[in-house]
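So the protein lines, in turn, are chains A and B.
Anchor point for the first sequence: position 88 equals 133 in our numbering, and the numbering is continuous, going up by one each time.
Anchor point for the second sequence: position 45 equals 90 in our numbering, and the numbering is continuous, going up by one each time.
We put the beta carbon where it would ideally sit given N, CA and C, even for glycine.
Report on one structure; see the data block that follows.
Number of protein chains: 2
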Amino acid sequence: MNADIINPFLSSVSNVLSTMAMLEVTPGKPSLKNDTVSRGDVSGIIGMTTATISGSMAITFPENVVFDIVNRMLGEKVTKVDDTVTDLVGELTNMIVGGAKGLLEEKGYDIGMATPVVVTGKDHEVIHKAKGQNILMPFNSEAGTFYVEVCFDA
Amino acid sequence: MNADIINPFLSSVSNVLSTMAMLEVTPGKPSLKNDTVSRGDVSGIIGMTTATISGSMAITFPENVVFDIVNRMLGEKVTKVDDTVTDLVGELTNMIVGGAKGLLEEKGYDIGMATPVVVTGKDHEVIHKAKGQNILMPFNSEAGTFYVEVCFDA
C-alpha cells in the first residue's frame with residue numbers, strides 16, 4: 046500500500062481530533078502490523094470500497110485515552126465504556142474516514158464508506174481480512190496514545 | 046428494515062453453511078437487538094454500501110460452534126481461536142455477504158462490499174452504528190447456535 050492511501054488518513058486523524066476535541070496529536074511512525082493484538086479497549090471499525098480495491102480501517106483507544114477525549118469533547122466525566130463512549134468512537138470513526146475520503150477523492154480515488162461498527166472488550170483482537178498489509182499508525186497526544194490501522198487489498 | 050433486505054441474508058447463511066460445511070442450519074425468528082452483548086466469541090464483520098443506504102453485518106460464533114465448523118470444513122481439530130479459525134470466519138463472512146449481494150441485486154439493490162474484519166475476545170461487544178434497527182437472527186444447527194446481525198441505515 047502506498048503513501049497516497051495512507052497520508053489522507055494521517056491528515057484526517059489530526060484534523061478531526063484537533064477540530065472536535067481540541068487535541069493536538071503527533072503521528073508516530075507507521076509500521077507493518079503482523080500480530081492481531083488490539084492496542085486498545087474500544088475500536089471503531091469501518092469498511093471501505095472503491096471501484097478497484099476494498100479494505101477497512103480501525104481506530105483503537107485504550108480506555109483512559111477515550112475517557113479523556115470524551116471529557117474534552119462533551120465535558121462529561123466517564124469511567125466506564127458506555128453508550129456515550131461508543132457513540133463518540135463511532136462518530137470519530139465516521140468523521141476520520143469522511144475526511145480521508147475527501148482527500149482521497151482529490152487524488153482520484155472514489156471511496157464508498159460503510160457505517161461504522163464499534164467493538165469493545167478487554168483483550169479483544171481486530172483482524173483485517175483484506176489481502177494487503179496492515180499498516181499501524183500510532184498517534185501521541187496529551188490524552189495518551191491511540192492507534193489507527195488501515196488495510197486495503199493490493 | 047424490510048424483509049426484502051433481511052431474507053437474502055437468511056438464505057445466504059443457509060446456502061453457505063450447507064454447501065461449505067455440510068451443515069444444515071435452521072433459521073430462528075429474527076428479532077430486534079437492543080443490547081450490545083455479543084452472543085459469541087468470534088465475530089466476522091463486514092461493511093456494505095449502496096447508492097442510497099449503508100450498513101454492516103456481523104456473524105458471531107461461540108467458540109465450540111466455530112471449532113465444530115472448522116472440523117467439518119477442514120477436518121482439523123482446533124481447540125483455540127487461531128489463524129485457522131479467524132481465516133475461516135473471514136471467508137464465511139465474505140461468502141455469506143457475497144451470496145446475499147447476488148440475491149439483493151436480483152431485487153435491484155446494488156451492494157458494494159468492504160473486506161471483512163474478524164474480532165475475537167471473550168465478552169467482546171459489537172455495536173453497529175448505522176441508524177437503523179439491528180436485526181438479530183439466530184441459526185440452529187448440529188454444531189450449535191450462532192447469530193447473524195444486520196443493521197442498515199433506514
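For residue i, which of helix, strand or coil comes out of DSSP?
{"i": "T105(A)", "result": "strand"}
{"i": "G92(A)", "result": "strand"}
{"i": "V110(A)", "result": "helix"}
{"i": "V10(A)", "result": "Chain A is shown from 46 up to 199; residue 10(A) falls before or after that span and cannot be answered."}
{"i": "V123(A)", "result": "coil"}
{"i": "N116(B)", "result": "helix"}
{"i": "T97(B)", "result": "coil"}
Just curious, the alpha helix (DSSP H) that residue i is in, first and last residue?
{"i": "L55(A)", "result": "A48 to A66"}
{"i": "T160(A)", "result": "Per DSSP, T160(A) belongs to no alpha helix (DSSP H) and is neither H nor E."}
{"i": "E151(B)", "result": "D128 to E151"}
So, using beta-carbon positions, are residue i and residue j closer together than 8 Å?
{"i": "G89(B)", "j": "A103(B)", "result": "yes"}
{"i": "G100(B)", "j": "T165(A)", "result": "no"}
{"i": "G73(B)", "j": "M182(B)", "result": "yes"}
{"i": "V70(B)", "j": "S186(B)", "result": "yes"}
{"i": "V126(A)", "j": "E151(A)", "result": "no"}
{"i": "A175(B)", "j": "P53(B)", "result": "no"}
{"i": "V195(A)", "j": "I51(A)", "result": "yes"}
{"i": "F184(A)", "j": "T190(A)", "result": "yes"}
Sorted by chain position, which residues of the same chain lie with C-beta nearer than 8 Å to residue i's C-beta, five sequence neighbours on each side aside?
{"i": "T95(B)", "result": "Y154, D155, I156 and G157"}
{"i": "L133(A)", "result": "V111, I114, V115, M118 and L119"}
{"i": "N60(A)", "result": "G144"}
{"i": "T138(B)", "result": "G89, I90, I91, M102, I104, P161 and V163"}
Kindly indicate the opening and closing residues of the beta strand (DSSP E) around residue i.
{"i": "V195(B)", "result": "F191 to F197"}
{"i": "H173(A)", "result": "E170 to H173"}
{"i": "N179(B)", "result": "N179 to S186"}
Less than 6 Å between C-beta atoms, sequence neighbours within five positions excluded: which residues of the same chain meet that for residue i?
{"i": "V163(B)", "result": "G89, T131, V134 and G135"}
{"i": "S76(A)", "result": "L181"}
{"i": "T124(A)", "result": "none"}
{"i": "T105(A)", "result": "S83, R84, G85, S88 and Y192"}
{"i": "M140(B)", "result": "V61"}
Taking residue i and residue j to be in contact with their CB atoms under 8 Å, please state how far apart those CB atoms are, rounded to whole angstroms.
{"i": "V142(B)", "j": "I91(B)", "result": "5 Å"}
{"i": "L148(A)", "j": "S56(A)", "result": "6 Å"}
Here's a check: name, in chain order, each residue in its chain whose Cβ is nearer than 7 Å to the Cβ of residue i, leaving out the five neighbours to either side.
{"i": "L68(A)", "result": "L62, I114, R117, S186, E187 and A188"}
{"i": "E121(A)", "result": "V115 and T129"}
{"i": "K167(A)", "result": "D86"}
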